[in-house]
């Protein structure tokens, strides 16, 4: 316990330094409420399509509040950062209150298949009650997910790995109430169930990892959480520099079917700075992200231990293979600089770097694993300020092309 308290204090110090030194829209976490009003000087792929197909704009009409939004986007990418896959993303959005004081509620269904044995059926929901009095996020997944694992910590080289196949059911549902502006608190239910676990080797998973929990045929993590959220990031109504803090303290008691009582803590801090705040319609932004994730007790199943690329939205560790580093605790830092290339905002670029440290084969903060990369941005919608992000990241022994709708964080 003293070891984890020490890690937590060190992390809080890192966060404090980051906040003193140092936004990005994360639609999966906090949908933005206000659309850009003047986009006449901006261009996006919709404008390009109108030019290509010679679609003439109709007469200007008074803008009315649109209540329901629906998009469908097929694209190819690599879930988990490995291999190619066919992915479709369908999003339905609706305002449950006035756009002036209520964020847009959304449901996003993103099935994917990698043309082999991996496929997934994830559904994410973000429900905002009128005047943002309540925020109800949900995360439901069914995955068939063969994936390489390297054991705990950093002792194994990239080629010292084994393929673990399993099926996975996740059901997270949280409810947070607004306590004061930008600050929410609430509780949640969290289920992680891995079954049909098998290893592509002559030894079993327990012998390969040297870990005793959740390395059999099935593993269960079933419990509830206490959640805190603070978000003052930039939008048209709030011109503060912008910070995002999310904390989840999870409890998995034995009476809910877990092999042992165990707890975990996840703290996520993000900071966004406009490099040139006078040009509000042109992106010139520095984004910083850090999180600390730790299992506070023994008994956490192996596949539920902190691991790179397995943050709540699977957006971290670009340029590092998902699951590459796993341990009892994980500390993560990332920075990204984003800027428009063209004045009309159609094209932009980003350069990023990230680094992580895990405990397992050593002590946290003694072994660091960096990655770097860069990417192209293409404005998909100037109204919602949504980009298509095409990134290329590299690290020791690994490289990957990553395609996302919206930014990584």
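Numbering (the numbering used here), first residue to last: 296 to 704.
Backbone N, C-alpha and C fix where the C-beta goes; we use that ideal spot for every residue, glycine too.
- Exposure of residue 505 is indicated by the presence of fewer than 16 other C-beta atoms within 10 angstroms of its C-beta.
- Around the Cβ of residue 686, a 10 Å sphere holds 16 or more other Cβ atoms; the residue is buried.
- Restricting attention to beta strand (DSSP E) runs no shorter than 3 residues, the stretch 415 to 480 encloses them at 429 to 439, 442 to 444 and 457 to 475, ordered along the chain.
- Of the candidates 425, 437, 567 and 542, the residue whose Cα lies closest to the Cα of residue 404 is 437.
- Annotation for residue 503: the continuous alpha helix (DSSP H) segment containing it runs 500 to 504.
- When Cβ pairs closer than 8 angstroms are counted between the two stretches, the stretch 459 to 472 is seen to touch the stretch 487 to 496, the count reaching three or more.
- The beta-carbon distance between residue 546 and residue 519, rounded to whole angstroms, is 6 angstroms. This is short enough to meet the 8 angstroms contact definition.
- Under the 8 angstroms Cβ criterion, the stretch 448 to 457 does not count as touching the stretch 476 to 485, having fewer than three qualifying pairs.
- Beta-bridge annotation (DSSP): residue 557 is paired with 547.
- Residue 554 has its alpha-carbon roughly 12 angstroms from the corresponding atom of residue 510.
- Under the DSSP assignment, residue 507 falls outside any beta strand (DSSP E); it carries neither an H nor an E label.
- C-alpha of residue 557 to C-alpha of residue 514: approximately 14 angstroms in a straight line.
- Take residue 618, set aside five residues on each side of it, and the residues of its chain with a beta-carbon closer than 8 angstroms to its own are 375, 442, 443, 444, 445, 602, 603, 604 and 605, in chain order.
- Where residue 350 is concerned, there is no enclosing beta strand (DSSP E), because DSSP gives it neither an H nor an E.
- Straight across, the Cα-Cα distance linking residue 683 with residue 496 is about 39 angstroms.
- For residue 666, the three-state secondary structure derived from DSSP is strand.
- With contacts defined as CB atoms closer than 9 angstroms, residue 652 and residue 630 fail to qualify as a contacting pair.
- For the pair residue 395 and residue 388, the Cα-to-Cα distance works out to about 16 angstroms.
- Taking residue 435 as the centre and dropping the five residues before and after it, the same chain places the C-beta of 418 and 466 closer than 6 angstroms to its C-beta, in chain order.
- Taken atom to atom, the span from the alpha-carbon of residue 697 to that of residue 624 is near 26 angstroms.
- Residue 560 places its beta carbon 9 angstroms or farther from that of residue 342.
- Taking residue 420 as the centre and dropping the five residues before and after it, the same chain places the C-beta of 402 and 433 closer than 6 angstroms to its C-beta, in chain order.
- Under DSSP, the beta-bridge partners assigned to residue 402 are 387 and 420.
- For residue 694, the enclosing beta strand (DSSP E) stretches over residues 693 to 700.
- Contact between residue 583 and residue 566 holds: CB atoms are separated by about 5 angstroms, below the 8 angstroms threshold.
- As the crow flies, the alpha-carbon of residue 469 is around 45 angstroms from that of residue 347.
- For residue 595, there is no enclosing beta strand (DSSP E), as DSSP gives it neither H nor E.
- The three-state secondary structure of residue 487, taken from DSSP, is strand.
- In this structure, the beta-carbon distance from residue 675 to residue 381 does not fall below 9 angstroms.
- When 613, 600, 654 and 527 are compared, the shortest CA-CA separation from residue 665 is found for 613.
- Counted as a single uninterrupted DSSP element, the beta strand (DSSP E) harbouring residue 689 occupies residues 681 to 690.
- When DSSP states are grouped into helix, strand and coil, residue 340 belongs to the helix group.
- Its chain contains 646 as the residues whose beta carbon lies nearer than 6 angstroms to that of residue 669, once the 5 sequence neighbours on both sides are disregarded; these appear in chain order.
- Straight through space, the alpha carbons of residue 494 and residue 694 are spaced by roughly 24 angstroms.
- In the three-state reduction of the DSSP assignment, residue 412 falls in the coil class, being assigned neither a helical nor a strand state.
- The beta carbon of residue 689 is closer than 6 angstroms to those of 614 in its chain, skipping five residues each way along the sequence.
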